[in-house]
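Colleague: Quick one: structure below, then a few questions.
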Ligand SMILES: *Cc1c(COP(=O)(O)O)cnc(C)c1O
């Protein structure tokens, strides 16, 4: 018998709805707060920034929300994505474990990000928005939103974290191919950017700074809304097409994962693969383990404090309860640009705090070692972000080799790394630095976190 490697779903099995885990959480998360009054904000506070339908989704308690046909039509360009059994990697490791990965690099821009970009562009279009601003770290989000805005005829301005603007020039080009305009952040185009440039002209930038710039731009223009590529409830929900497909594909493979793994920057691809399986743990009593993996240089879940903080550096967003390193914390310029965020999605933090999942952090050299081993056995060159999940999957498989347990491991390969070859060049030349956890910088940044009674 030929053993099957690739588990594909027909287009007819593209999910018809998104899954909203808020409906199944045993304990409701605390509400976002107004930064001035510390009182819970209502949906209207978000109206200058987001279209109403996305705000409704943000606060929704509905378990499932139907995906409009116009969005599914775009999803069909690359979805359902493949689920692949990493047989060669299993063999190279000599593990009895079975390793599966869901491949989100199959999207036109090479990551999971279009799953929400297309939805967000669609709802903005529906409500007559003609211009959107956003931030991007490594550029995957900017590329995804540029593609989506191009489909729906919306103008896009992207504030791209400066270190990535310089490290990843081709993602900038790709955004421009789709018609977006891109500036390095901090930029001279906003008050937030000008203030940071004046104080620290050499800053590598950060996601928090770029968010401040994009939010300010949108809040000060009538024709413009803002779009965020991770962290928010509606973004995590849009990503659940990943896990819903994976559940069906694991059925085709005749297995069920003992461990589900995703890398976590703001938490969206992790939530995308994990939440539909997490539902089966919360509601049906499955014993699945879940692991979110982050960089040692920016370890919000593993080393942060669980408290209210701002989502951006300038402190313009509502206060959200999350594991945070402090909104003014600026991580080192590691190559996994998408994981350089000071906080984490509130829903992921709640699940972590309530004990339903684990988290761990790795240094970038050991992450790239895993990426190399994966590329040499499965041929796909992973994004540096996704390689964090691979590191954890390999470590779990090696633990099975020690114990002789035949576990089934599933991880999300959130994107490919073909625009990240500078990072691989640096790794191969032995030039990647491992940054020790910056305890003093975090302690300093935590002083800027507001005290909420
Ligand atoms: C943006 C990105 C991430 C990190 O963002 P999350 O919201 O945590 O998923 C991870 N992997 C890839 C490929 C990305 O583009």
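In our numbering, the protein residues as written are 596 to 1048.
Backbone N, C-alpha and C fix where the C-beta goes; we use that ideal spot for every residue, glycine too.
1) Let me know if residue 946 comes out buried or exposed under the rule of 16 or more other beta-carbons within 10 Å of its beta-carbon.
2) What number of angstroms, rounded off, separates the C-alpha of residue 710 from the C-alpha of residue 935?
3) Sorry if obvious, but does the Cβ on residue 941 come closer than 7 Å to a heavy atom of ligand 1?
4) Residue 984: buried (16+ other C-beta within 10 angstroms of its C-beta) or exposed?
5) Give the DSSP-derived three-state secondary structure of residue 650 in the structure shown.
6) Label residue 597 either buried or exposed according to how many other C-beta atoms from any shown protein chain fall within 10 Å of its C-beta, with 16 as the threshold for buried.
7) When you compare only the Cα positions, how much space is there between residue 912 and residue 683?
8) Per DSSP, residue 779 forms a beta bridge with which residues?
9) To which residues of the same chain is residue 767 closer than 7 Å at the C-beta, ignoring the five residues directly before and after it?
10) Could you give the residue range of the alpha helix (DSSP H) that holds residue 983?
11) How far does the beta strand (DSSP E) with residue 679 in it reach, from first residue to last?
12) Expressed to the nearest angstrom, what Euclidean distance is found between the alpha-carbon atoms of residue 958 and residue 998?
13) Using a Cβ cut-off of 8 Å (strictly closer), state whether residue 915 contacts chain C.
14) Consult DSSP for residue 638 and reduce its assignment to one of helix, strand or coil.
15) Sorry if obvious, but does the Cβ on residue 697 come closer than 7 Å to a heavy atom of ligand 1?
16) When every heavy atom of ligand 1 is checked, does at least one fall within less than 7 Å of the C-beta of residue 664?
17) Return the chain-ordered list of same chain residues with a C-beta closer than 8 Å to the C-beta of residue 685, the five sequence neighbours on each side being excluded.
18) Please name the residue in 655, 1032, 812 whose C-alpha comes closest to that of residue 821.
19) Helix, strand or coil, according to DSSP, for residue 958 in the structure here?
20) State yes or no: is the C-beta of residue 974 nearer than 7 Å to some heavy atom of ligand 1?
21) For residue 757, count neighbouring Cβ atoms within 10 angstroms of its own Cβ and tell me buried if that reaches 16, exposed if not.
22) Is residue 578 close to ligand 1? I mean its beta-carbon at under 7 Å from any heavy atom of the ligand.
23) State the beta-bridge partners of residue 1011 as determined by DSSP.
Modeller: Let's see:
1) Sequence index remark: in the chain shown, residue 946 carries index 351 (1-based). Taking every protein chain shown into account, the CB of residue 946 has 16 or more other CB atoms within 10 angstroms, so this residue is buried.
2) By one-based count along the chain shown, residue 710 stands at place 115. By one-based count along the chain shown, residue 935 stands at place 340. Their backbone Cα atoms lie some 21 Å apart in a straight line.
3) Within the chain shown, the letter at position 346 stands for residue 941. Because no heavy atom of ligand 1 lies under 7 Å away, the Cβ of residue 941 does not count as near it: no.
4) On the chain shown, residue 984 is found 389 positions in, with the first residue counted as 1. It counts as buried.
5) Indexing the chain shown from 1 puts residue 650 at position 55. Look at residue 650 here: in three-state DSSP terms it is helix.
6) Here residue 597 corresponds to residue number 2 of the chain shown, with the count starting at 1. Residue 597 should be labelled exposed.
7) Looking up residue 912 in the chain shown gives position 317. Looking up residue 683 in the chain shown gives position 88. Here the alpha carbons of residue 683 and residue 912 stand approximately 46 Å from one another.
8) Looking up residue 779 in the chain shown gives position 184. Looking at the DSSP assignment, residue 779 forms a beta bridge with 755.
9) Taking the first residue of the chain shown as 1, we reach residue 767 at position 172. Correct list, in chain order: 734, 755, 760, 777.
10) Reading the chain shown from its first residue, position 388 is the one you call residue 983. Counting along the chain, the alpha helix (DSSP H) containing residue 983 begins and ends at 979-998.
11) Stepping through the chain shown from its first residue, residue 679 is reached at position 84. Per DSSP, the unbroken beta strand (DSSP E) holding residue 679 starts and ends at 678-680.
12) By 1-based counting over the chain shown, the position of residue 958 is 363. By 1-based counting over the chain shown, the position of residue 998 is 403. In this structure, the straight-line span from the alpha carbon of residue 958 to that of residue 998 is close to 25 Å.
13) The question asks about chain C, but that chain is absent: this structure has only one protein chain.
14) As a working note, residue 638 is residue 43 in the chain shown. Assignment of residue 638 by DSSP, reduced to helix, strand and coil, places it in the helix class.
15) Within the chain shown, residue 697 is the residue found at index 102, counting from 1. No, the beta carbon of residue 697 sits no closer than 7 Å to any heavy atom of ligand 1.
16) Within the chain shown, residue 664 is the residue found at index 69, counting from 1. No, ligand 1 has no heavy atom inside 7 Å of this Cβ.
17) Along the chain shown, one-based indexing puts residue 685 at 90. Hits under 8 Å: 692, 693, 694, 992.
18) For the purposes of this step, residue 821 is taken as residue 226 along the chain shown, with counting starting at 1. When the alpha-carbon of residue 821 is set against those of 655, 1032, 812, the nearest one is in 812.
19) Here residue 958 refers to the residue found at position 363 of the chain shown. In the structure shown, residue 958 sits in coil (DSSP, three-state: anything other than H, G, I, E or B).
20) Numbered from 1 along the chain shown, position 379 holds the residue referred to as residue 974. No, the beta carbon of residue 974 sits no closer than 7 Å to any heavy atom of ligand 1.
21) Within the chain shown, residue 757 is the residue found at index 162, counting from 1. In summary, residue 757 is buried, with 16 or more beta-carbon neighbours lying within 10 Å of its beta-carbon over all protein chains present.
22) Because the chain here runs from 596 to 1048, residue 578 falls outside it and cannot be looked at.
23) For this step, residue 1011 is matched to residue 416 along the chain shown. Note: residue 1011 sits in a beta bridge opposite 977.
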